[in-house]
Amino acid sequence: FDSTYFLSKTIALTNGAVDDEPDTVTPFNYYDEYSDFDSSFACVYGDHGAIILPILYSLYFVVGFLGNMLVVWVVCMAAKLRSMTDICLLNLALADLLLVSSLPFLAHSVRDQWVFGDVMCTVVLSVYHVGFYSVIFFIVLMSIDQYIAIVHDVLARTYGILASVVIWIIAVSASFPEVMHFKTNHFSQQIVCNLFYPISDQNPYFSFRIFGIFKMNVIGLIIPLIIIGLFYSLILKKHLTARSSRKQNICHVITVMVVFFCCYAPYNVAAFVKVLELKELISDSCDFSKAINLSLQITEALAYSHTCINPILFVFVREKYRKHLVSLLYKTPCGRLQFMNNNPTQATGSVYSQNTERPSTVV
Numbered sequence: 090f091d092s093t094y095f096l097s098k099t100i101a102l103t104n105g106a107v108d109d110e111p112d113t114v115t116p117f118n119y120y121d122e123y124s125d126f127d128s129s130f131a132c133v134y135g136d137h138g139a140i141i142l143p144i145l146y147s148l149y150f151v152v153g154f155l156g157n158m159l160v161v162w163v164v165c166m167a168a169k170l171r172s173m174t175d176i177c178l179l180n181l182a183l184a185d186l187l188l189v190s191s192l193p194f195l196a197h198s199v200r201d202q203w204v205f206g207d208v209m210c211t212v213v214l215s216v217y218h219v220g221f222y223s224v225i226f227f228i229v230l231m232s233i234d235q236y237i238a239i240v241h242d243v244l245a246r247t248y249g250i251l252a253s254v255v256i257w258i259i260a261v262s263a264s265f266p267e268v269m270h271f272k273t274n275h276f277s278q279q280i281v282c283n284l285f286y287p288i289s290d291q292n293p294y295f296s297f298r299i300f301g302i303f304k305m306n307v308i309g310l311i312i313p314l315i316i317i318g319l320f321y322s323l324i325l326k327k328h329l330t331a332r333s334s335r336k337q338n339i340c341h342v343i344t345v346m347v348v349f350f351c352c353y354a355p356y357n358v359a360a361f362v363k364v365l366e367l368k369e370l371i372s373d374s375c376d377f378s379k380a381i382n383l384s385l386q387i388t389e390a391l392a393y394s395h396t397c398i399n400p401i402l403f404v405f406v407r408e409k410y411r412k413h414l415v416s417l418l419y420k421t422p423c424g425r426l427q428f429m430n431n432n433p434t435q436a437t438g439s440v441y442s443q444n445t446e447r448p449s450t451v452v
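First residue of the sequence shown: 90, per this note's numbering; consecutive thereafter.
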C-alpha cells in the first residue's frame, strides 16, 4: 500500500544508471525497493510514471478531499450522528481524508524528490498508513453495523462511538513497525523519504519487506473479506424475502464492498507476486520485474481512487443522505436565492418563513 514508483529509480541511483539524468529521477517509494542495493542489479525501469502519477494523485486529492468533506458536512449537520451508521460514515470519511492528505506530498515526490524534511517524512507516511488501515477497518465495521441494524433491528449509537475508538486504536497498531522506520536519506544527490529498516545478518532487509506485504495481505484484505462475507451472508440468509427498502439497503452495502474489493484486491495480488519474486520463487528476469512494478503502479493508483468513490456511494446514491444533502444545499445562501427565483410569488415572504416551510417538503 505504498508508492512503488521509486523502486526502479532507487536501484538505478545506487548503481549509477541514471546519474546523468537527475531531472528524471523519482526518489519516492517507501515500500518495495531493493534494500541491500546490489550494484550488480542493472535493470532500468524508466520514468513513465513521473508525469501520469502526479496528475492522478492531484486529481484524487481534489475530488477525494471535496467529496469526503461533503460527507462530513452531511453526516454532522443533517444526520446529526443519530445512528451507528452515521458514526461509521463520519469516521470512514475522516480516514479517507487522512489518506488523501498525503497525496500532494506523494505527487511532488514522484515528480521530483522529497523536499519537506525528515519530520514531515515521518508524519506524512505515518498518516498514510493509519488512513489506509482505518478505511478498511471502518468498512468492516459497517458490515457488522448493517447486520445488527437489519437482522436484529437495532441502532446502537453508543456502541458505534466505542467501536470507532477501538478501530482507530487497531489501525494505529497495524501501522507498526513501519511508522518507526520512516526517514529521509540521500542517494546520488537525491533526497528520499522512505521506509528504512535496520539491516543485519540475522534480519536481512528483504525479510522486513516480505513481512510487511504479508501483513497487508492478511489484515488488509483476507481477514476483512472473511468478516464481511460472513456478516453479509447472514444478512442475505435472514432477509431474502425482506421488504424492498431493506433489499435496496443490502444491495447498496454489497455494492460498497464490491467496489472496495475491486480497488484493493488487485494491488494486494500484485504485491504478493512481488513477494514471490523477492523469494526467487518465480522468474526474476528484468522484463518480468518491469512488468510487476508497472502493475504495482497501476493497481496502487486504482486503490487510491477508492477515496473518491466513497462519497459518491454514500451521498449521491443512498436516498437518506441524498435528502439530507438537498436539505443542506437549500439552506445555503445560493440555495435560498435559487428558491426565490423559482418561486417569485413567495419571494415577498420573510426569509424565516421560507426556511421553515420548504425543508419540510424535502426531508
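Just so you know, even glycine gets a beta-carbon here, dropped at the ideal spot from N, CA and C. Fair warning: this is a prediction, and the values are worked out from it, not measured in the lab.
Beta-carbon separation (whole angstroms), residue i vs residue j, contact threshold 8 Å
i       : j       : result
Ala-360 : Asn-306 : 7 Å
Asn-399 : Asn-157 : 7 Å
Ile-316 : Val-219 : Rounded, the Cβ-Cβ distance is 20 Å, inconsistent with contact.
Met-173 : Tyr-248 : 6 Å
Val-216 : Ser-198 : Rounded, the Cβ-Cβ distance is 15 Å, inconsistent with contact.
Ser-232 : Phe-320 : 5 Å
Phe-154 : Ala-184 : At roughly 13 Å, the Cβ-Cβ gap does not stay under 8 Å, so Phe-154 and Ala-184 are not in contact.
Val-404 : Val-161 : In fact, because the Cβ distance is near 10 Å, the residues do not count as touching under 8 Å.
Thr-396 : Tyr-149 : 6 Å
Leu-417 : Met-166 : 6 Å
Val-415 : His-341 : The pair is not a contact, with the Cβ atoms about 18 Å apart (cut-off 8 Å).
Cβ-based burial, residue i [other Cβ within 10 Å; buried from 16]
i       : result
Pro-143 : buried
Glu-369 : exposed
Gly-206 : exposed
Lys-363 : buried
Val-204 : exposed
Asp-175 : buried
Gly-318 : exposed
Thr-113 : Reliability of the predicted coordinates at Thr-113 is poor, the pLDDT of 36 falling under 50, and the value obtained from them is presented with this limitation in mind. With fewer than 16 other Cβ atoms within 10 Å, it is exposed.
Phe-276 : buried
Arg-171 : exposed
Gln-202 : buried
Val-208 : exposed
Val-347 : exposed
Cys-66  : Absent from the model: residue 66. The displayed extent of the chain is 90 to 452, so no value can be given.
Ser-372 : exposed
Leu-188 : buried
Leu-195 : buried
Ile-324 : buried
Nearest residue (CA-CA) to residue i, options the options
i       : options                               : result
Leu-455 : Leu-417, Ala-390, Thr-273 and Asn-357 : Nothing can be reported for residue 455, as the shown portion of the chain is limited to 90 through 452.
Val-164 : Leu-155, Ala-182 and Val-364          : Ala-182
Ile-239 : Ser-322, Leu-418 and Leu-148          : Ser-322
Ile-401 : Phe-377, His-197, Ile-225 and Thr-344 : Thr-344
Pro-355 : Tyr-419, Leu-385 and Trp-162          : Leu-385
Val-77  : Ile-225, Leu-145, Ser-264 and Ile-258 : Shown here, the chain extends from 90 to 452; a query on residue 77 therefore has no answer.
Ser-223 : Arg-200, Cys-177, Cys-340 and Lys-409 : Cys-177
Trp-257 : Glu-267, Ile-225 and Tyr-286          : Ile-225
Gly-309 : Phe-194, Ile-259, Leu-187 and Cys-210 : Ile-259
Ala-392 : Tyr-419, Asn-357 and Asn-382          : Asn-357
Ser-262 : Ser-416, Leu-186 and Phe-221          : Phe-221
Leu-367 : Lys-169, Asp-234, Gly-301 and Val-415 : Gly-301
Lys-409 : Lys-169, Ile-141 and Lys-420          : Lys-169
Leu-365 : Pro-193, Ser-296 and Ile-140          : Ser-296
Asp-151 : Leu-186, Ile-141, Asn-382 and Ala-390 : Checking the displayed sequence, the identity of residue 151 turns out to be Val instead of Asp. Closest option to Val-151, Cα to Cα, is Leu-186.
Leu-314 : Ile-140, Tyr-353, Leu-195 and Ala-390 : Tyr-353
Ile-299 : Glu-267, Leu-325 and Lys-420          : Glu-267
His-270 : Cys-210, Pro-193 and Lys-304          : Cys-210
Ile-141 : Lys-304, Ile-387 and Lys-412          : Ile-387
Point to revise | Unbroken stretches of the beta strand (DSSP E), 3 residues or longer, contained in the stretch 235-284 | key: List check, beta strand (DSSP E) in window: 271-276 and 279-284.
Check your understanding: Looking at C-beta atoms only, is the number of pairs between the stretch 244-264 and the stretch 273-285 that lie closer than 8 Å three or more?
Key -> Because the criterion of three Cβ pairs below 8 Å is not met, the stretch 244-264 and the stretch 273-285 do not touch.
Check your understanding: Mind pulling the alpha helix (DSSP H) runs of 4 or more residues that sit fully within the stretch 187-225?
Key -> Along the length of the stretch 187-225, whole alpha helix (DSSP H) runs at least 4 residues long occupy 192-200, reported in chain order.
Exercise for review: Please specify which runs of the alpha helix (DSSP H), each continuous and at least 4 residues long, are wholly inside the stretch 350-407, giving them in chain order.
Suggested key: At a cut-off of 4 residues, the continuous stretches assigned as alpha helix (DSSP H) that sit fully inside the stretch 350-407 are 375-393 and 395-400.
Exercise for review: Identify every run of the alpha helix (DSSP H) within the stretch 140-192, keeping only runs that are complete inside it and at least 4 residues long; order them along the chain.
Suggested key: Note on the stretch 140-192: whole alpha helix (DSSP H) runs with a minimum of 4 residues are 173-190, in chain order.
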